[in-house]
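Please read the structure below before turning to the comments.
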Amino acid sequence: QDFNLFISNKHNINDCTQHVTIIEPIKVNKSRRHAIVFDAGSTGTRIHVFEFSEGHSLPSDLLLETEHFNQVKPGLSSYNAKPYQAVLSLIPLLKVANLVIPKQERHQTPILLKATAGLRLLKMHEANSIITTVDDFLRRLQPSYKFEENAISILDGESEGIYAWLTINFLLNTVDSRKSSAVLDLGGGSTQVTFAPLKNETFVYFGDRISSRFLLGSQKQLYAKSYLGFGLMSARKGILNTIDAKNDYSNDRMSFAHPCFKNGTNVVWRFENVDYEINGDDNGNCFDVVRKFVDLGENFNGINSPSEVKERTVYAISYYFDRALDIGLIDEKQSVGSVSVGDYYIAARVICQQRVDETEFEQFCSEVNAITCDKNWFRNVRNRIQTIIVQNPFICMDLSYIWTFLQIGLKFDFDKKIILVNKIDNVAISWALGAAFSLLHS
Numbered sequence: 001q002d003f004n005l006f007i008s009n010k011h012n013i014n015d016c017t018q019h020v021t022i023i024e025p026i027k028v029n030k031s032r033r034h035a036i037v038f039d040a041g042s043t044g045t046r047i048h049v050f051e052f053s054e055g056h057s058l059p060s061d062l063l064l065e066t067e068h069f070n071q072v073k074p075g076l077s078s079y080n081a082k083p084y085q086a087v088l089s090l091i092p093l094l095k096v097a098n099l100v101i102p103k104q105e106r107h108q109t110p111i112l113l114k115a116t117a118g119l120r121l122l123k124m125h126e127a128n129s130i131i132t133t134v135d136d137f138l139r140r141l142q143p144s145y146k147f148e149e150n151a152i153s154i155l156d157g158e159s160e161g162i163y164a165w166l167t168i169n170f171l172l173n174t175v176d177s178r179k180s181s182a183v184l185d186l187g188g189g190s191t192q193v194t195f196a197p198l199k200n201e202t203f204v205y206f207g208d209r210i211s212s213r214f215l216l217g218s219q220k221q222l223y224a225k226s227y228l229g230f231g232l233m234s235a236r237k238g239i240l241n242t243i244d245a246k247n248d249y250s251n252d253r254m255s256f257a258h259p260c261f262k263n264g265t266n267v268v269w270r271f272e273n274v275d276y277e278i279n280g281d282d283n284g285n286c287f288d289v290v291r292k293f294v295d296l297g298e299n300f301n302g303i304n305s306p307s308e309v310k311e312r313t314v315y316a317i318s319y320y321f322d323r324a325l326d327i328g329l330i331d332e333k334q335s336v337g338s339v340s341v342g343d344y345y346i347a348a349r350v351i352c353q354q355r356v357d358e359t360e361f362e363q364f365c366s367e368v369n370a371i372t373c374d375k376n377w378f379r380n381v382r383n384r385i386q387t388i389i390v391q392n393p394f395i396c397m398d399l400s401y402i403w404t405f406l407q408i409g410l411k412f413d414f415d416k417k418i419i420l421v422n423k424i425d426n427v428a429i430s431w432a433l434g435a436a437f438s439l440l441h442s
């Protein structure tokens with residue numbers, strides 16, 4: 001099926017999506033190549049339609065010209081009971097692809113849909129049912145796109161991290177450099193740590209996490225570790241469950257009194273078809289509960305990673321960026337910003353305690369070297385704190401988890417600088433661009 005849409009210079013698609021500007025279909029150009037990547041994440045599905053031009057020095061040279069992006073929510077895993085609804089959720093995204101790619105080019109345009117932690121966390125038969133239904137639908141489209149084997153499938157966590165690493169280092173022009181950056185990706189269901197190791201001790205002690213991949217014309221040795229269940233949404237679930245439920249009404253409803261929420265708070269959060277009823281509890285410390293969850297990682301031995309990653313330039317994406325943006329650690333008008341690990345710590349202390357005066361704030365600042373030790377930032381957040389909490393009742397837990405994972409889990413120092421990014425050169429940052437390169441080189 002093709003989608004009959006009127007095409008103008010600007011076309012607004014409202015079917016459960018954000019606003020997107022569509023350009024008219026590009027005329028056939030043999031020096032131009034397209035790739036379509038669906039990022040089926042745990043909280044939503046995103047489409048990336050990439051246009052490349054071919055370089056002239058090497059066959060592996062590809063120059064990214066443009067990207068068309070849009071997204072829908074929720075993610076495919078939300079349709080585990082009704083897989084056909086997963087198909088329906090993709091239709092607004094396919095409209096974007098069909099508007100950009102001319103009909104006569106579709107047979108040579110590769111398409112890829114990779115599901116990440118949301119489907120990894122489902123029961124196998126549920127995940128397979130969604131993948132099979134979506135695969136059957138996409139392959140029946142006419143005119144047909146180009147499908148490689150396993151084009152519609154679940155992406156393993158290590159590949160997700162490697163593709164995100166490739167995306168960022170390609171855009172920074174550091175893929176083949178000894179100064180390539182490490183990449184931290186905090187998704188909804190999992191979190192990834194990826195970098196190109198240089199030290200022998202990393203290969204010796206973490207050899208089982210080293211992956212050899214042929215990327216952009218050469219072999220790369222990459223450290224890639226994915227922590228399933230430690231994405232932000234899954235971490236919320238885990239942190240809630242470190243406290244005994246007050247009442248376990250049924251398999252789809254649980255009640256908690258939790259110290260990551262202030263007394264008087266009443267929140268209902270639905271995740272993985274379970275309603276979590278949460279009341280605030282001032283008896284306890286949110287940091288302690290969050291640390292207990294992080295310490296349970298890696299089969300109860302705690303999170304561990306090579307010390308080398310602490311010495312690298314670190315880029316962090318996804319929820320690392322989003323939560324910093326929520327509380328003003330980075331400028332909302334910018335797509336790149338720098339923070340320290342201590343910034344997340346200070347922000348968590350201020351948000352979780354809520355009633356912090358300037359003397360207490362200065363005391364927190366004396367503990368760490370943080371950009372947030374700026375009284376203007378503090379006054380701004382203090383004035384907005386109730387609005388921030390209303391917008392995201394989990395903000396105390398989220399910030400506490402991010403800080404704990406970085407410092408207690410990855411052993412980053414308070415003053416470790418992290419570059420937060422959601423776009424480089426106007427390209428949305430995710431694993432999708434790296435996957436597109438792999439797709440076009442296959």
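Sequence positions in the sequence shown follow UniProt numbering and run 1 to 442. C-beta: ideal position from N, C-alpha, C; glycine also.
What's the C-alpha gap between residue i and residue j?
| i | j | result |
| --- | --- | --- |
| residue 498 | Ala-86 | With the chain covering 1 to 442 only, the question about residue 498 has no answer from this structure. |
| Gln-353 | Asn-279 | 16 Å |
| Asp-39 | Ile-91 | 14 Å |
| Leu-439 | His-125 | 27 Å |
| Ser-234 | Glu-272 | 9 Å |
| Ala-435 | Val-37 | 8 Å |
| Arg-33 | Ile-168 | 21 Å |
| Asn-422 | Asp-322 | 9 Å |
| Leu-420 | Lys-95 | 31 Å |
| His-441 | Asn-150 | 15 Å |
| Ile-408 | Val-290 | 10 Å |
| Trp-165 | Lys-246 | 42 Å |
| Ile-22 | Tyr-163 | Any reading at Ile-22 must be qualified, since the residue scores a pLDDT of 37, below 50, and its modelled position is unreliable; the value itself is stated next. In a straight line, the C-alpha of Ile-22 is about 26 Å away from that of Tyr-163. |
| Phe-137 | Ala-97 | 15 Å |
| Asp-281 | Glu-148 | 52 Å |
| Gln-71 | Ser-89 | 10 Å |
| Arg-213 | Trp-431 | 15 Å |
| Ser-57 | Ser-31 | Here the model assigns Ser-57 a pLDDT of 47, short of 50, so the residue's position is not dependable and the matter cannot be decided. |
| Ser-177 | Thr-45 | 32 Å |
| Ala-196 | Ala-224 | 9 Å |
| Tyr-344 | Asn-380 | 16 Å |
| Tyr-320 | Lys-292 | 21 Å |
| Ser-153 | Ile-418 | 32 Å |
On the CB-based measure, 16 or more other CB atoms within 10 Å of its CB, does residue i come out buried or exposed?
| i | result |
| --- | --- |
| Ser-218 | exposed |
| Ala-397 | Inspection of the sequence shows that residue 397 is occupied by Met rather than by Ala. Under this definition Met-397 is a buried residue. |
| Lys-82 | exposed |
| Glu-105 | buried |
| Thr-132 | exposed |
| Glu-160 | buried |
| Val-390 | exposed |
| Tyr-205 | exposed |
| Glu-24 | Residue placement at Glu-24 is flagged as unreliable, the pLDDT there being 38, under the threshold of 50; the coordinate-derived value follows with that caveat. With fewer than 16 other Cβ atoms within 10 Å, it is exposed. |
| Ser-318 | buried |
| Asn-173 | exposed |
| Arg-355 | exposed |
| Ile-330 | buried |
| Val-274 | exposed |
| Thr-387 | exposed |
| His-48 | buried |
| Arg-349 | buried |
| Thr-359 | exposed |
| Asp-185 | buried |
Considering Cα atoms alone, identify which of the options is closest to residue i.
| i | options | result |
| --- | --- | --- |
| Arg-209 | Glu-360, Asn-304, Gln-353, Ile-91 | Asn-304 |
| Gly-157 | Ala-117, Val-175, Ala-127 | Ala-117 |
| Ala-115 | Pro-143, Asn-263, Ser-78, Gln-108 | Ser-78 |
| Ser-400 | Gly-229, Leu-138, Arg-236, Asn-98 | Arg-236 |
| Ser-129 | Tyr-84, Leu-138, Phe-147, Phe-170 | Tyr-84 |
| Asp-413 | Val-341, Arg-312, Arg-384, Ala-432 | Val-341 |
| Leu-121 | Leu-228, Ser-144, Asn-376 | Leu-228 |
| Asp-326 | Gly-238, Leu-198, Phe-52, Pro-393 | Pro-393 |
| Ser-255 | Gly-264, Asn-263, Lys-262, Asn-241 | Asn-241 |
| Gly-238 | Glu-367, Leu-222, His-258 | His-258 |
| Leu-119 | Leu-232, Ser-190, Val-183 | Ser-190 |
| Ala-316 | Leu-171, Lys-123, Gln-142, Val-193 | Val-193 |
| Lys-310 | Asp-61, Ile-152, Leu-198, Phe-69 | Leu-198 |
| Cys-260 | Leu-216, Ser-211, Phe-287, Tyr-276 | Phe-287 |
| Gly-41 | Ser-53, Gly-231, Ile-243, Leu-62 | Gly-231 |
| Asp-425 | Ala-35, Asp-61, Glu-67 | Glu-67 |
Across which residues does DSSP place residue i in a beta bridge pair?
| i | result |
| --- | --- |
| Asn-70 | Ile-47 |
| Leu-63 | Ser-53 |
| Ala-151 | Looking at the DSSP assignment, Ala-151 forms no beta bridge with any residue, so it has no partner. |
| Ile-36 | Val-49, Ile-111 |
| Ala-316 | Leu-184, Leu-420 |
| Ser-430 | According to DSSP, which records beta bridges pairwise, Ser-430 is partnered with nothing at all. |
| Ser-340 | Lys-417 |
| Lys-146 | Pro-110 |
- Message: Which runs of the beta strand (DSSP E) at least 3 residues long sit entirely within the segment 224–306? Give them in chain order.
- Response: For the segment 224–306, whole beta strand (DSSP E) runs of length 3 or above, ordered along the chain, are 247–250, 253–258, 266–271, 274–280.
- Could you pull out every unbroken alpha helix (DSSP H) segment of at least 4 residues lying fully inside the segment 174–234, listed in chain order? Restricting attention to alpha helix (DSSP H) runs no shorter than 4 residues, the segment 174–234 encloses them at 200–205, ordered along the chain.
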